[in-house]
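Presented below is the structure to which this report refers.
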Amino acid sequence: MSFTEDDKRFMELALALAEKGRYTTQPNPMVGCVLVKNDTLIGQGYHEKAAGPHAEINAITQATENTQGAIAYVSLEPCSHTGKTPPCVNALIKAGVSKVIVALQDPNPLVAGQGISALKEAGISVLVGLLQEQAAALNKGFLQRMRTGNPRVLSKIAMSLDGRTAMASGESKWITGEAAREDVHRLRAQSGAVLTGIGTVLEDNPQLTVRKGIDPLADLQPLRVVLDSKLQTPVGSSLTGGAGSCVILTCSQDVEKKFALERTGFVVVVLPVDSNNKLCLQAVMDWLGEQEINDVMVEAGSKLNGALLQAGLIDELIVYLAPAILGDASRGAFNLPDVLALSDKVELDFKGVSTLGDDLKLHYGVVKRKKETGV
315 MSFTEDDKRF MELALALAEK GRYTTQPNPM VGCVLVKNDT LIGQGYHEKA AGPHAEINAI
375 TQATENTQGA IAYVSLEPCS HTGKTPPCVN ALIKAGVSKV IVALQDPNPL VAGQGISALK
435 EAGISVLVGL LQEQAAALNK GFLQRMRTGN PRVLSKIAMS LDGRTAMASG ESKWITGEAA
495 REDVHRLRAQ SGAVLTGIGT VLEDNPQLTV RKGIDPLADL QPLRVVLDSK LQTPVGSSLT
555 GGAGSCVILT CSQDVEKKFA LERTGFVVVV LPVDSNNKLC LQAVMDWLGE QEINDVMVEA
615 GSKLNGALLQ AGLIDELIVY LAPAILGDAS RGAFNLPDVL ALSDKVELDF KGVSTLGDDL
675 KLHYGVVKRK KETGV
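In structure tokens form, the structure reads like this:
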């Protein structure tokens with residue numbers, strides 16, 4: 315299947331438009347659409363917000379001339395079902411487009427090729443696969459949830475040059491500089507949920523809200539999730555303040571503690587234990603997927619990070635590396651069993667590096683997955 319340079323250029327524009335919905339479309343994917351007629355751009359749009367018009371509708375609505383015979387470039391397969399909005403394929407058919415070029419087929423079971431089939435049945439030419447990898451990278455969390463039922467998990471770790479995340483006392487404010495901390499707020503804003511453990515709650519009393527660098531989107535807050543197997547979260551925790559909801563996931567059957575936390579505004583959800591009688595981390599991921607969370611950002615200490623990594627539940631790592639050395643007595647990033655052979659190491663796939671002030675931002679994918687564990 316061959317595409318022209320013009321096809322590529324217009325699809326690149328559709329992808330750039332889709333990116334504009336980075337902070338606002340969850341749990342929906344980011345989608346962009348471009349309409350071209352006689353080699354001229356006549357309309358463009360993107361999915362701006364969940365429950366709002368889809369990209370195709372916005373592009374058709376904003377078209378500067380009749381769309382009859384136009385080519386539509388769409389970064390994700392148009393939907394064919396009625397959800398919170400009408401099917402996009404119907405709008406494209408009604409608009410009279412002659413061809414639709416799709417970057418990526420939608421794995422959502424409600425779509426999954428049905429949109430493409432509906433367009434073809436209406437006599438519209440459909441081509442699929444232009445800039446497919448770029449389109450997939452745009453919606454990694456959504457695609458993973460559609461295919462596995464679980465969200466994409468990204469763990470954020472701020473550490474010194476010698477791999478330390480806190481002093482032995484637990485002091486960690488601040489290892490990295492202001493620019494890195496502002497970037498963390500952008501990551502939070504892109505996430506459907508921020509996940510932490512009870513150890514971090516007790517030591518740092520965090521808010522885990524979006525507070526910096528996202529204007530004018532600072533009011534968009536991720537779901538805050540605490541793994542607290544014994545319901546030790548203080549009722550006066552900072553997590554009860556600020557915007558957004560906070561959920562405590564636990565395996566405790568202590569009804570009095572549960573009611574006390576719920577009275578202060580927490581939502582408490584009891585989940586199963588694993589074979590070691592610990593809060594089952596796979597059950598945590600299943601629950602997050604059921605809440606339509608595409609992307610989870612982990613902000614936790616070495617115990618939870620180690621457990622998630624060992625269970626094979628971390629997909630990507632963002633490491634903020636500070637120009638400092640904290641020494642052997644300080645805390646590490648992962649609490650893991652000793653690696654006795656190089657063949658057992660956790661392998662990482664380097665994705666990129668950038669500078670943020672005096673700090674480095676390192677991006678890795680996790681290649682090798684380990685056995686199931688709990689917390």
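In our numbering, the protein residues as written are 315 to 689. Don't be surprised by glycine CBs; every beta carbon is placed ideally from N, CA and C.
- For Q382, there is no enclosing alpha helix (DSSP H), as DSSP marks it with neither H nor E.
- Counting only runs of at least 4 residues, the region 486 to 554 fully encloses the following alpha helix (DSSP H) elements, listed from N- to C-terminal order: 492 to 504, 512 to 518.
- With a 10 Å radius around the Cβ and a threshold of 16 neighbouring Cβ atoms, Q376 comes out exposed.
- Here F664 is exposed. Its C-beta has fewer than 16 other C-beta atoms within 10 Å.
- For I628, the closest of V583, S644, G679, F580 by C-alpha to C-alpha distance is G679.
- In chain order, A472, Y634, A636, D673 place their CB closer than 6 Å to the CB of T490, counting only its own chain and leaving out the 5 sequence neighbours on each side.
- Spanning the alpha carbons of L390 and G666 requires a straight line of approximately 25 Å.
- For A494, same chain residues with a beta-carbon under 6 Å away, outside a window of 5 residues either side, are Y634, L670, D673 in chain order.
- Under the three-state reduction of DSSP output, R459 falls in the helix class.
- With a cut-off of 8 Å on Cβ pairs, the region 648 to 664 is not in contact with the region 494 to 506, counting fewer than three such pairs.
- Straight through space, the alpha carbons of V583 and M481 are spaced by roughly 32 Å.
- A Cβ-Cβ distance of about 7 Å is found for the pair I430 and V416, placing them in contact under the 8 Å criterion.
- Using a 10 angstroms sphere on the CB of G641, the tally of other CB atoms stays under 16, which defines it as exposed.
- If you draw a straight line from the Cα of N590 to the Cα of L575, it is about 26 Å long.
- The DSSP assignment places complete alpha helix (DSSP H) segments of no fewer than 4 residues inside the region 577 to 621 at 595 to 604, in order along the chain.
- With 16 or more other Cβ atoms inside 10 Å of its own Cβ, I607 counts as buried.
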